[in-house]
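S.K.: Just so you know, we're using this note's numbering here: the sequence shown kicks off at 1196 and counts up by one.
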Amino acid sequence: MYTDVLKTEKNFRYILAANCISRFGDSLDAIAYSWMVYQLTGSMAWLSVILGVNMIPTVLFQPLAGASTEYFNKKRVIVNCDIFRGLTVLFTCVLLASGFMEPWHLLVLTFLNSSVEALRIPHGLAVLPQILEKEHYKSAISLDQGTRRTAELVGMGCAGIIVGVIGVGGALFIDALTFLVSGWLLSCLKMDEKKNKGERFQVKTYLSSLKEGFVYFRKNDLAMVVCAICVLQNLCTLPIDNLRAAYISEYLGLDVIAMSVGGTAVTVGMILGAFLLPLLSAKVSEKWLLVYGGVLIGIFYFLYLLVGMVPFTEGKYACYFVTALFFGILNAMVGAAVQVVFVSRTPEALVGRIGGIFNALACSSLPVGSFVLAGLTTALSIKELYVVMGFLTMVIFMLTGQWKGIANLEE
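Okay, structure coming up:
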């Protein structure tokens, strides 16, 4: 299964290595950058502002970047984007080391880096159908997701030590190197992009391509359903992700150690879930996994509540770890299945365009859901919220099984 992909898909090996290295760097960046922002500003509000600025290009620019995949060399774009992001992080290191760093610099650099990432993502998606045989999509995407999560786990584990030993600047320097190494690995891809060679970028044809992507997305029932499932998954898992501290403290009555226990369990579960997807999908249909996988997410809310009924502290820790582990496995399987269905069922020429729209909608659901969740927490306790979300998630995903377009997954 995985050995076949690694043996036969040489180009994919470069992508796998590049993604693994860059995700390790992203994990370092997540810790080091947040620490730098707080040290520089001393304000939690700035952390939220930086996070918001980081999300804006994804929502606004990815659909626009997706329509450009037909006019530019995809390999050249993703290589140059990685190199540019590496140089941007290096410039951040220089500003920090020289003592010239100001909060507004962080806003500009964050927005710039996220804008380049918004350009890279749809081009990276559009590369996959050009380098992979269709029968390898499922195994390749699962392997990619699993290795990314593994690199993320290692990076998160090393981040505190690296920042403590060589400082924030040193951690950011390593992050910059991971981008540059990723760009070098991707430059080794052997791709035939002759069909785009003669096409010149023109505003009129670009706008036509952009419109074509939106029209396809609006009229294709399967594309709409798969995107909706991704958005629903984000929204329905939001309380478990965002309210973990309140759940642990108020409902379980445990201390901060449980945060690490739960976070580690979910991450390990997501690694296992990504690797196990091809085995499970050989036994169940994609429709079953997307629909009933969502229903199982709803059931997990009640399993989390059962953890609080365990009488002993040690038992709570153990049950919480097991529940979070299997939640991570399920969540990763549903997420990876969404990506597999998207790449395999979308016409190759439209993958970049539709991918930009898809990612923008999925990401925009998170801040909206966070505001709604904040309002619900003022009226409901953690227990009440979990009960409501559990029933709501099960009902919503059961209804998705009746949507027009979901039947196409059986074809």
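Beta carbons: idealized from backbone N, C-alpha and C, even for Gly. What you are looking at is a predicted structure, and each value in this text was computed from that prediction instead of being measured.
Work out the CA separation of glutamine 1534 and asparagine 1308 for me, nearest whole Å.
M.R.: 24 Å
S.K.: Contact between the segment 1337-1350 and the segment 1464-1474 is defined here as three or more beta-carbon pairs at a separation below 8 Å; is this criterion met?
M.R.: Contact holds between the segment 1337-1350 and the segment 1464-1474, because three or more Cβ pairs, one in each stretch, are under 8 Å apart.
S.K.: When the Cα atoms are used, what is the spatial distance from leucine 1367 to isoleucine 1424?
M.R.: 35 Å
S.K.: What is the rounded straight-line gap between the Cα of valine 1590 and the Cα of valine 1490?
M.R.: 8 Å
S.K.: When the Cα atoms are used, what is the spatial distance from serine 1539 to isoleucine 1466?
M.R.: 22 Å
S.K.: Out of curiosity, what's the CA-to-CA distance linking lysine 1392 and leucine 1323?
M.R.: Residue confidence for lysine 1392 is low, a pLDDT of 47 falling below 50, so the modelled location carries little weight and cannot support an answer.
S.K.: Let me make sure I understand the geometry here. Which of Phe1522, Leu1594, Ile1492 has the alpha-carbon closest to that of glutamate 1585?
M.R.: According to the sequence as given, residue 1585 is glycine; it is not glutamate. Out of Phe1522, Leu1594, Ile1492, Ile1492 has the C-alpha closest to the C-alpha of glycine 1585.
S.K.: What's the gap between the Cα of lysine 1478 and the Cα of isoleucine 1443?
M.R.: 36 Å
S.K.: Within 10 angstroms of the Cβ of glycine 1481, are there 16 or more other Cβ atoms? Answer buried if so, exposed if not.
M.R.: In the sequence as presented, glycine is not what sits at residue 1481; that position holds glutamate. Glutamate 1481 should be labelled buried.
S.K.: So, with DSSP's three-state summary, where would you put serine 1444?
M.R.: In the displayed model, serine 1444 falls within a helix according to three-state DSSP.
S.K.: In three-state terms, what does DSSP make of valine 1503?
M.R.: Reading off the sequence shown, one finds glycine at residue 1503, where the question assumed valine. DSSP places glycine 1503 in coil when its eight states are reduced to three.
S.K.: Can you tell me whether serine 1293 is buried or exposed, with buried defined as 16 or more other CB within 10 angstroms of its CB?
M.R.: In summary, serine 1293 is exposed, with fewer than 16 beta-carbon neighbours lying within 10 Å of its beta-carbon over all protein chains present.
S.K.: Taking Cβ positions, are isoleucine 1251 and arginine 1315 nearer each other than 8 Å?
M.R.: no
S.K.: Taking a contact to mean a Cβ-Cβ separation below 8 Å, would you say valine 1311 touches arginine 1344 in this structure?
M.R.: Going by C-beta atoms, valine 1311 is not nearer than 8 Å to arginine 1344.
S.K.: Could you tell me the alpha carbon to alpha carbon distance between alanine 1440 and tyrosine 1209, rounded to whole angstroms?
M.R.: 38 Å
S.K.: Helix, strand or coil for proline 1542 per DSSP?
M.R.: coil
S.K.: Got a sec? Which residues, its chain only, sit under 8 Å from leucine 1384 by beta carbon, not counting five neighbours each side?
M.R.: For leucine 1384, where only same-chain residues beyond five positions count, the Cβ hits under 8 Å are Asn1206, Tyr1209, Ile1210, Lys1270, Val1322, Ile1326.
S.K.: DSSP state of alanine 1227, grouped into three classes?
M.R.: Here alanine 1227 sits in helix by DSSP.
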